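Student:
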Amino acid sequence: MYFPPVSRNEMAPMSLSRRTFFTVGLASCGAALFGGGYAAGSFGATIAAANRRIAQTSHIIKTRYGDLEYAIKGRGEPFLMVHGTGGGFDQGLRFSEGLSATDFQVIAPSRFGYLRSSFPDDPSPQNQADALVEMLDFLGIDRVPIAGGSAGALTAAAFALRHPSRCSHLILIVPAMNLTNRDPVEFTRFQQFLVGNLLSSDLWFWAAQYLAPEQLIGTLLATDPALLATVSASERERAFLILRELMPISPRTRGITNDGRTSGSPSNMDLAQIEAPTLILSTEDDRFGTAQTSRVISNRIPSAEVLIYPTGGHIWLGHEDDFSDAMREFVLRRDL
Numbered sequence: 091m092y093f094p095p096v097s098r099n100e101m102a103p104m105s106l107s108r109r110t111f112f113t114v115g116l117a118s119c120g121a122a123l124f125g126g127g128y129a130a131g132s133f134g135a136t137i138a139a140a141n142r143r144i145a146q147t148s149h150i151i152k153t154r155y156g157d158l159e160y161a162i163k164g165r166g167e168p169f170l171m172v173h174g175t176g177g178g179f180d181q182g183l184r185f186s187e188g189l190s191a192t193d194f195q196v197i198a199p200s201r202f203g204y205l206r207s208s209f210p211d212d213p214s215p216q217n218q219a220d221a222l223v224e225m226l227d228f229l230g231i232d233r234v235p236i237a238g239g240s241a242g243a244l245t246a247a248a249f250a251l252r253h254p255s256r257c258s259h260l261i262l263i264v265p266a267m268n269l270t271n272r273d274p275v276e277f278t279r280f281q282q283f284l285v286g287n288l289l290s291s292d293l294w295f296w297a298a299q300y301l302a303p304e305q306l307i308g309t310l311l312a313t314d315p316a317l318l319a320t321v322s323a324s325e326r327e328r329a330f331l332i333l334r335e336l337m338p339i340s341p342r343t344r345g346i347t348n349d350g351r352t353s354g355s356p357s358n359m360d361l362a363q364i365e366a367p368t369l370i371l372s373t374e375d376d377r378f379g380t381a382q383t384s385r386v387i388s389n390r391i392p393s394a395e396v397l398i399y400p401t402g403g404h405i406w407l408g409h410e411d412d413f414s415d416a417m418r419e420f421v422l423r424r425d426l
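Each residue of the sequence shown is one higher than the one before, counting from 91 in our numbering.
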């Protein structure tokens with residue numbers, strides 16, 4: 091996932107639909123925050139459960155960039171899964187469940203500024219890629235397929251470019267990358283200000299989830315909420331689970347802000363130099379425009395394969411099995 095960069099200093103006019111959503115949403119959030127003991131108790135229980143969830147399954151190693159958090163799930167060949175904006179190791183595990191349940195042992199790190207991973211002076215995708223190599227060295231893994239989702243695609247691409255001998259396959263999932271001098275997310279400064287407040291406060295973000303989950307799916311997750319009525323019950327639950335598992339949001343804020351800068355800025359990566367077999371996955375209706383980005387990438391990387399579904403949004407709603415099957419088949423078919 092990818093969220094817009096946050097600026098609190100400049101505010102531009104916003105459209106009526108966006109203005110209505112954010113104004114009514116924040117007013118409703120205020121009512122939830124101050125409207126009674128039930129809401130306060132529910133928030134306390136939610137944040138406690140979220141903190142327990144992320145504390146139970148991860149490990150930390152020391153790197154030259156500070157602490158790096160990671161988790162491992164599954165049995166089989168190693169597979170490196172890099173999360174998107176708003177994530178952490180938990181999101182990486184969530185997005186790779188179809189792989190860890192079958193043929194692969196998924197290694198899911200928390201990128202710089204997420205959860206218990208440090209935030210170094212230069213939190214670039216290139217340095218993040220180098221930190222991942224230190225993690226692989228620690229784990230005794232020589233070569234690995236890597237997948238990067240949304241803003242995490244930058245780190246995955248940097249890994250393939252900087253460490254070709256360590257990268258057996260590259261998979262870019264709904265890649266949020268500025269390759270045409272156009273920010274993947276075009277929010278006004280005022281919208282960024284409001285979203286920034288939600289994304290830096292556990293209490294405010296919980297209130298927004300509590301009162302307007304479908305609106306958040308449409309904006310932060312860049313997926314048409316109307317799709318919820320067209321997919322299976324398990325896929326509907328997956329959408330709300332992705333949203334709920336952004337909690338706690340506060341230990342992810344520095345990473346979110348950094349992703350807004352790096353994904354929104356024009357990328358100078360020379361993708362044509364990528365040697366690894368590459369698969370790119372997206373959907374036409376992703377509100378962050380990753381279908382077009384995927385086509386641009388496929389034109390730059392030699393022999394890249396691209397698979398774009400007509401619907402599904404930024405969280406590929408209705409296509410979890412399709413994405414998992416495509417990744418599995420790609421790695422097994424092109425195992426080098």
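All C-beta atoms, glycine included, are put in the ideal place defined by N, C-alpha and C. As the structure is a computational prediction, the values presented were derived from the model and not from experiment.
Count the other CB atoms, across all protein chains shown, that sit within 10 Å of the CB of residue 422; report buried if there are 16 or more and exposed otherwise.
Tutor: As a working mapping, residue 422 is identified with position 332 in the sequence shown. That one is exposed.
Student: Is it buried or exposed, residue 327, if we count other Cβ atoms within 10 angstroms and call 16 or more buried?
Tutor: As a first step, residue 327 must be located in the sequence shown, where it is residue number 237. It counts as exposed.
Student: Could you check if residue 400 is buried or exposed, using at least 16 other CB atoms within 10 Å of its CB as the buried criterion?
Tutor: Numbered from its first residue, the sequence shown carries residue 400 at position 310. Residue 400 should be labelled exposed.
Student: Any idea if residue 272 is buried or exposed, counting beta-carbon neighbours within 10 angstroms, 16 or more meaning buried?
Tutor: Taking the sequence shown and counting its residues from 1, the one referred to as residue 272 is at position 182. Burial call: exposed.
Student: What does the alpha-carbon distance come out to for the pair residue 409 and residue 134?
Tutor: The count along the sequence shown starts at 1 and reaches residue 409 at position 319. The count along the sequence shown starts at 1 and reaches residue 134 at position 44. So the two alpha carbons sit approximately 34 Å from each other.
Student: Mind checking whether residue 346 and residue 192 have CB atoms under 8 Å apart?
Tutor: Along the sequence shown, read from residue 1 onward, the residue named residue 346 stands at position 256. Along the sequence shown, read from residue 1 onward, the residue named residue 192 stands at position 102. No; because the gap between Cβ atoms is not below 8 Å, this pair is not in contact.
Student: What residues in its chain sit with their C-beta under 7 Å from that of residue 415, if we drop five residues either side in the sequence?
Tutor: To locate residue 415, count along the sequence shown from 1; it is residue 325. Closer than 7 Å at the Cβ level, and outside the excluded window around residue 415, lies no residue.
Student: Here's a check: name, in chain order, each residue in its chain whose Cβ is nearer than 6 Å to the Cβ of residue 261, leaving out the five neighbours to either side.
Tutor: Indexing the sequence shown from 1 puts residue 261 at position 171. Answer for residue 261: 237, 369 and 417, listed in chain order.
Student: Since residue 156 is in the beta strand (DSSP E), which residue starts that stretch and which ends it?
Tutor: Here residue 156 refers to the residue found at position 66 of the sequence shown. Counting along the chain, the beta strand (DSSP E) containing residue 156 begins and ends at 156-163.
Student: Would DSSP call residue 203 helix, strand or coil?
Tutor: Sequence index remark: in the sequence shown, residue 203 carries index 113 (1-based). Here residue 203 sits in coil by DSSP.
Student: Express the C-alpha separation of residue 381 and residue 145 in angstroms, rounding to a whole number.
Tutor: By 1-based counting over the sequence shown, the position of residue 145 is 55. By 1-based counting over the sequence shown, the position of residue 381 is 291. The straight-line gap from Cα to Cα measures roughly 35 Å.
Student: Three-state secondary structure (DSSP) at residue 359?
Tutor: Position 269 of the sequence shown, counted from the first residue, corresponds to residue 359. In this structure, residue 359 counts as coil in the three-state DSSP scheme.
Student: What residue range is occupied by the uninterrupted beta strand (DSSP E) comprising residue 172?
Tutor: Residue numbering aside, residue 172 sits at position 82 when the sequence shown is read from its first letter. Taken as a continuous stretch (DSSP letters only), the beta strand (DSSP E) holding residue 172 covers 167-172.
Student: Can you list, in chain order, the residues of its chain with a C-beta nearer than 7 Å to that of residue 140? Leave out the 5 residues immediately preceding and following it.
Tutor: Here residue 140 refers to the residue found at position 50 when the sequence shown is read from its first residue. Same-chain partners within the cutoff: 337 and 338.
Student: Which first and last residues belong to the beta strand (DSSP E) in which residue 239 is found?
Tutor: The residue given as residue 239 occupies position 149 in the sequence shown. Segment 234-239, the beta strand (DSSP E) holding residue 239.
Student: For residue 107, which residues in the same chain have their Cβ closer than 8 Å to its Cβ, ignoring the five residues on either side in sequence?
Tutor: For this step, residue 107 is matched to residue 17 along the sequence shown. No answer about residue 107 holds up, because its pLDDT of 42 lies below 50 and its placement is not dependable.
Student: Measure the Cβ-Cβ separation of residue 384 and residue 398 and say whether it is below 8 Å.
Tutor: Sequence index remark: in the sequence shown, residue 384 carries index 294 (1-based). Sequence index remark: in the sequence shown, residue 398 carries index 308 (1-based). In this structure, residue 398 lies closer than 8 Å to residue 384 by Cβ.
Student: Considering residue 395, what are the terminal residues of the beta strand (DSSP E) in which it resides?
Tutor: Along the sequence shown, read from residue 1 onward, the residue named residue 395 stands at position 305. Counting along the chain, the beta strand (DSSP E) containing residue 395 begins and ends at 395-399.
Student: Which residue or residues does DSSP assign as beta-bridge partners of residue 386?
Tutor: The count along the sequence shown starts at 1 and reaches residue 386 at position 296. Beta-bridge pairing links residue 386 to no other residue.
Student: Let me know if residue 389 comes out buried or exposed under the rule of 16 or more other beta-carbons within 10 Å of its beta-carbon.
Tutor: Against the sequence shown, residue 389 aligns to sequence position 299. Exposed: under 16 other Cβ atoms inside 10 Å.
Student: Evaluate residue 64 with the Cβ neighbour count: other Cβ atoms within 10 Å of its Cβ, from every protein chain shown; 16 or more gives buried, anything less gives exposed.
Tutor: In the structure displayed, the chain extends from 91 to 426; residue 64 sits before or after that span and is not available.
Student: Could you tell me the boundaries of the alpha helix (DSSP H) in which residue 262 lies?
Tutor: Here residue 262 refers to the residue found at position 172 of the sequence shown. Note, residue 262: premise wrong, no alpha helix (DSSP H); beta strand (DSSP E) at 257-263.
Student: Grouping DSSP H, G and I as helix and E and B as strand, with all else coil, what is residue 391?
Tutor: Within the sequence shown, residue 391 is the residue found at index 301, counting from 1. Looking at residue 391 - three-state DSSP - the assignment turns out to be coil, as it is neither helix nor strand.
Student: Decide if residue 256 is buried, meaning its Cβ has at least 16 other Cβ atoms within 10 Å, or exposed.
Tutor: Position 166 of the sequence shown, counted from the first residue, corresponds to residue 256. That one is buried.
Student: Rounding to the nearest angstrom, what Cα-Cα distance links residue 114 and residue 289 in this structure?
Tutor: As a working mapping, residue 114 is identified with position 24 in the sequence shown. As a working mapping, residue 289 is identified with position 199 in the sequence shown. With a pLDDT of only 43 at residue 114, under the threshold of 50, the placement of this residue in the model should not be trusted; the figure read from the coordinates follows. In a straight line, the C-alpha of residue 114 is about 17 Å away from that of residue 289.
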